[in-house]
Each structure stands twice: as C-alpha cells, then as structure tokens.
Amino acid sequence: SHDYHFGLEDHEGISELFDCD
Amino acid sequence: PPQTPVRAAMTSIQQLRGDLTSSGDQPSTNLATYFKNCTVDPTQDVLKRLETLGQTFSQRFGQAVGPRCVVLGWQRFKLGVRLYYKVMEAMLKSEEKRLSVQNFSKLLNDVTFHTSLLACSLEVVMATYGESSFKTGGYNHGGGGDPVETDVCFPWILDVVSLTAFDFYKVIESFIKAEPTLSKDIVKHLETCENLIMERIAWRTGSPLFELLKQEHEGGAAEQVETPAS
Numbered sequence: 017s018h019d020y021h022f023g024l025e026d027h028e029g030i031s032e033l034f035d036c037d
Numbered sequence: 311p312p313q314t315p316v317r318a319a320m321t322s323i324q325q326l327r328g329d330l331t332s333s334g335d336q337p338s339t340n341l342a343t344y345f346k347n348c349t350v351d352p353t354q355d356v357l358k359r360l361e362t363l364g365q366t367f368s369q370r371f372g373q374a375v376g377p378r379c380v381v382l383g384w385q386r387f388k389l390g391v392r393l394y395y396k397v398m399e400a401m402l403k404s405e406e407k408r409l410s411v412q413n414f415s416k417l418l419n420d421v422t423f424h425t426s427l428l429a430c431s432l433e434v435v436m437a438t439y440g441e442s443s444f445k446t447g448g449y450n451h452g453g454g455g456d457p458v459e460t461d462v463c464f465p466w467i468l469d470v471v472s473l474t475a476f477d478f479y480k481v482i483e484s485f486i487k488a489e490p491t492l493s494k495d496i497v498k499h500l501e502t503c504e505n506l507i508m509e510r511i512a513w514r515t516g517s518p519l520f521e522l523l524k525q526e527h528e529g530g531a532a533e534q535v536e537t538p539a540s
C-alpha cells in the first residue's frame, strides 16, 4: 500500500546486517 | 466531516495506539522464549537499557518541548517500547523461518541492534504525533519556528540514544517489512530519514562508514578513502 522500495535480497535479514548469522 | 491536519494526526495516533493495545509493556511470551533460547539470556540487559534510555528520552524531550512535558515524554517512550517489542518479535519470527534457527544469542545481545530498533520505534511514535516532520526544509537547522516542531525532529533521536546514523539506517528496511500496519505517511517519513542519512549524515566526520570503507579496501586495491570534507 506504500511506495517504499525494498532493496534487501530474500537471503538477507536483520541478522546479516548486524553481522550475526 | 472534512479532513484537516489535526483530524489526520488524531486518526494516526488512534491507529497507532490501537495497533499497540495488544502489545504489552513487557516482552510477550513468544519474545520471552526467544530470549530464553539464547546462549546468554539478554532479558535483564534489555530491561535495564530501557529504564536508562527511558529516563534520558523523557528528560531530553522535556528540555526540547518544555519542562512540563517530561510526563508526555514518558508516554511517548512507553508507546515506543511497545512497538519495539512488537517489531522485534516479528523480525525474529521471520528470521527463524528464513534461517531455521531459534537461538539468536548474538543478535539479541548486540547493544547496537537494540538501540537502533528502539530509536526507529521512537521515531515512528514521534512522527505519528507530528513531532518529527522536517518542518525546516528537510533538516533540523535549529532556531526559528515552533520549538515543538523543530527541536525533536530527526536526527534528534540519534543524539538522545547515542546512535550513529549508519547503524540506524541498517534497521529501517527490516522494520518496515516487519510492521505492515505502518501508515503510508510513516513509511514515507522513514524513507526521508533513510535519504537524509545516505545523502548527508552518514558522511560526517566520525561516521563508522569511513572505517568500514577503509577495511573494505584493505587487502584489495589500496585506494585512498575520501575524507569527510571531500
């Protein structure tokens, strides 16, 4: 319902962004 | 009745409060289970951090808006905490599904992750109340205008919780994904925060971005990292 462009790939999540996989 | 800015703000606030009525001031059973599944249980650290940041936030809110508004600051903070717990649980559910693991010890013991998530939740609350709306042309220049409108607008929250813009940036997309009930205006607000960080704030002196770029270049082509000034 909004125009936000999601840039993360399916295999990326918050764990990777904080270097915790 | 015709839509007015005040009516629109009231609707957004009621919607936010409504969305958060089922979320408590404490971690839900599901979230508590995620905490307990950790190698190192983060529960006590999370609660202690919220207590400290709650005091800082309400005091700074009072300084910016008026000394009688410290109580209002606490109310905003409590709403932010509810959103923080709600979004954290949704993020962990999605990570559990994606990674097929239940032990998020490293993530849940990462202070920066918690601070970023809380800062984003508080920014959403502040924006819903119309207190962080870029009234001075997309950035807080300080001075001029109504202090309620300008003093607490983004990136005020980063200074309050001592968070770098680069770390705040990391959480935005996952936050929007994890909280599908965010209004179009709030998503747009977060997108504006994202753009401000990307275009200006992350490039200021002291940003961790320079160290990361330096590390990225080490081992490969030894290119000179640009200084903040250039």
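Chains A and B supply the protein sequences, listed in that same order. All residue numbers for the first sequence refer to the working numbering, where the first residue is 17 and numbers rise by one. All residue numbers for the second sequence refer to the working numbering, where the first residue is 311 and numbers rise by one. Beta carbons are placed, not taken as given, at the ideal position from N, Cα and C, and that holds for glycine. Note that the structure is a prediction, hence the values are computed from the model and not measured.
Query: Three or more C-beta pairs under 8 Å: does that hold for the region 26-35 of chain A against the region 407-420 of chain B?; Result: yes
Query: Under a three-way DSSP split, which group does B/Thr474 fall into?; Result: coil
Query: If I'm right that B/Val497 touches A/His21 with Cβ under 8 Å, what's the distance once you round it to whole angstroms?; Result: About 11 Å separates the two Cβ atoms, so there is no contact after all.
Query: If we cut at 8 Å on Cβ distances, does B/Val497 have a partner in chain A?; Result: yes
Query: For chain A, is any of its Cβ atoms less than 8 Å away from the one on B/Lys487?; Result: yes
Query: Mind listing which residues of the region 402-428 of chain B have their C-beta closer than 8 Å to chain A's C-betas, in chain order?; Result: Ser404, Glu405, Arg408, Leu409, Phe414, Lys416, Leu417, Asp420, Thr422 and Phe423
Query: Mark B/Thr425 as exposed unless 16 or more other C-beta atoms lie within 10 angstroms of its C-beta, in which case mark it buried.; Result: buried
Query: For B/Asp477, count neighbouring Cβ atoms within 10 angstroms of its own Cβ and tell me buried if that reaches 16, exposed if not.; Result: buried
Query: Return yes when the Cβ of B/Leu500 is within less than 8 Å of the Cβ of B/Val471, no when it is not.; Result: no
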